[in-house]
Amino acid sequence: MNFADQLVEAVRRKRNPVVVGIDPRPEELPGGFLDRFPGDRAGVAAALKAFGCDVLDVVAPLVPAVKFQSAFYEAYGPEGLAALHATVEHAKSRGAIVLFDGKRNDIGSTAEAYARAYLGKVPIGGAFEPPWHADAITVNPYLGTDGITPFVRVAAREQKGVFVLVRTSNASAREFQDLVADGKPLYRHVAEKLLTWGAGHAGESGYNLVGAVVGATYPQELAELREAMPGILFLVPGYGVQGGTAKDIAPAFDEHGLGAIVNNSRGITFAYERPHLAAQFPGNWQGAVEQAVRDMIQDLAANTSAGRLRD
Ligand SMILES: O=c1ccn([C@@H]2O[C@H](COP(=O)(O)O)[C@@H](O)[C@H]2O)c(=O)[nH]1
Numbered sequence: 217m218n219f220a221d222q223l224v225e226a227v228r229r230k231r232n233p234v235v236v237g238i239d240p241r242p243e244e245l246p247g248g249f250l251d252r253f254p255g256d257r258a259g260v261a262a263a264l265k266a267f268g269c270d271v272l273d274v275v276a277p278l279v280p281a282v283k284f285q286s287a288f289y290e291a292y293g294p295e296g297l298a299a300l301h302a303t304v305e306h307a308k309s310r311g312a313i314v315l316f317d318g319k320r321n322d323i324g325s326t327a328e329a330y331a332r333a334y335l336g337k338v339p340i341g342g343a344f345e346p347p348w349h350a351d352a353i354t355v356n357p358y359l360g361t362d363g364i365t366p367f368v369r370v371a372a373r374e375q376k377g378v379f380v381l382v383r384t385s386n387a388s389a390r391e392f393q394d395l396v397a398d399g400k401p402l403y404r405h406v407a408e409k410l411l412t413w414g415a416g417h418a419g420e421s422g423y424n425l426v427g428a429v430v431g432a433t434y435p436q437e438l439a440e441l442r443e444a445m446p447g448i449l450f451l452v453p454g455y456g457v458q459g460g461t462a463k464d465i466a467p468a469f470d471e472h473g474l475g476a477i478v479n480n481s482r483g484i485t486f487a488y489e490r491p492h493l494a495a496q497f498p499g500n501w502q503g504a505v506e507q508a509v510r511d512m513i514q515d516l517a518a519n520t521s522a523g524r525l526r527d
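For the sequence shown, position 90 matches number 306 in the numbering used here, and the numbering has no gaps at all.
Pasting the structure below:
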């Protein structure tokens, strides 16, 4: 099944468009969590894996997808990457769609290697094996078309997805993305190109396996991009800790509550640090995480057309 159709089906089944971001930071693990593990790098990696799996046990039954931020695992070297791999497997076993946030790209031939690594299969001993079981990957468009098409080709073959950075959520996003060329800001050129990269890859849902990363923190641009890119799924980061609100991202959705999935990482995985949830769930960090997911689902349902998913 086309990746977009898989994602739309999962959003409909879970009746919400929430993506829980797994961005584990050892210093923010629940009190005493780290002490259960040896104090070396392998121990920290084991703690990240245990924490990620515990979070998944709570959130996977509630939301359609999870997003792993590779950086927090890469920080702990090979042991960190092994922890990421094991946690991705756990997410898959729990039925979640897995987004790998690595923002990969390079010249075409190297992009092909990234695409095979994360979305496809590599030759090992006469057979082909998938090294990572991601369902979709984030990619950086800065290198242009030859850096993107290998991802799209492999994704189409393997029924996977690609999310291209179009308008990022960070404070410096304007620095390059707003530079005007041929009368339009750069991010609008990327949006136009994205439509050509996705040509021929729409699923039965009408959405495309090539999606766009569009930050919640630039609501005007988000609304413009929705107009410019019908049929493109938006992966929306920046809700919550970065300041984006449900009202800001309402235009990203179509009238059926589809068309966008909304990520929240720190606001959910470290929910037990928020005073009202700490008070409501003393000594029960997973309870706080679950409540944070339910609150976000409710917020999106009340303030965007995602509420129609409940009809
Ligand atoms: O434009 C972008 C692209 C990616 N991200 C990533 O999403 C999460 C956001 O984390 P929060 O804790 O919900 O702020 C993180 O992994 C970023 O690397 C983004 O924020 N903006």
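Built from N, CA and C at the ideal position, the CB exists for glycine as well. Please read all numbers here as calculations on a predicted model, not as lab measurements.
### Message
I need the boundaries of the alpha helix (DSSP H) containing V355, first residue and last residue.
### Response
That residue, V355, is in no alpha helix (DSSP H); its beta strand (DSSP E) goes 352–355.
### Task
Would you kindly report the start and end of the unbroken beta strand (DSSP E) that includes D317?
313–320
### Query
In the DSSP assignment, what are the bridge partners of R381?
According to the sequence shown, residue 381 is Leu rather than Arg. In the DSSP output, where bridge partners are listed per residue, L381 has V429.
### Message
Quick check: does the Cβ of V282 come within less than 7 Å of any heavy atom belonging to ligand 2?
### Response
As far as ligands go, the structure on display features ligand 1 and does not contain ligand 2.
### Message
Output needed for A265: all residues of its chain with C-beta closer than 7 Å, excluding positions within five of it in sequence on either side, in chain order.
### Response
A small correction: the amino acid at residue 265 is Lys; Ala does not occupy that position in the sequence shown. Counting only Cβ-Cβ distances below 7 Å, and skipping sequence neighbours, we find A299, A302, T303.
### Task
Please specify which runs of the alpha helix (DSSP H), each continuous and at least 4 residues long, are wholly inside the stretch 370–419, giving them in chain order.
390–393, 402–413
### Extent of the continuous beta strand (DSSP E) run through K283
281–285
### Message
ligand 1 and G523: does the residue's C-beta get closer than 7 Å to at least one heavy atom of that ligand?
### Response
no
#### Entry: T354 to A504 span [Cα, whole Å]
29 Å
### Query
Which whole-angstrom value describes the C-beta separation of G324 and G377, a residue pair presumed to lie in contact below a C-beta threshold of 8 Å?
Actually they are not in contact, since the Cβ atoms of G324 and G377 sit about 20 Å apart, beyond 8 Å.
#### Entry: Residues that Y455 bridges to, as DSSP identifies them
G460
#### Entry: Supposed contact pair L223 and P280 - C-beta distance, whole angstroms, cut 8 Å
7 Å
### Message
Assuming contact is defined by CB atoms lying nearer than 8 Å, are N603 and I513 in contact in what I supplied?
### Response
A question about residue 603 goes unanswered here, because the residues of the chain that appear run from 217 up to 527.
### Task
Return the bridge partner residues of F344 from the DSSP annotation.
P339
### Task
For D239, I'd like the list of residues in its chain whose CB is within less than 6 Å of its CB, leaving aside the five on either flank, ordered along the chain.
Q285, F288, S481
### Query
Does the separation of the CB atoms of A522 and A508 fall below 8 Å?
no
### Cut-off 6 Å between Cβ atoms - residues of its own chain near V260, not counting five sequence neighbours on either side
P242, Y292
### Query
For G247, which three-state DSSP category applies?
coil
### Pairwise C-alpha distance: H405 and L395
10 Å
### Task
Starting from G237, follow its DSSP beta bridges and name the residues at the other end.
K283
### Query
Should K463 be labelled buried (16 or more other beta-carbon atoms within 10 Å of its own) or exposed?
exposed
### Query
Is the distance from the Cβ of R442 to the Cβ of A415 below 8 Å?
no
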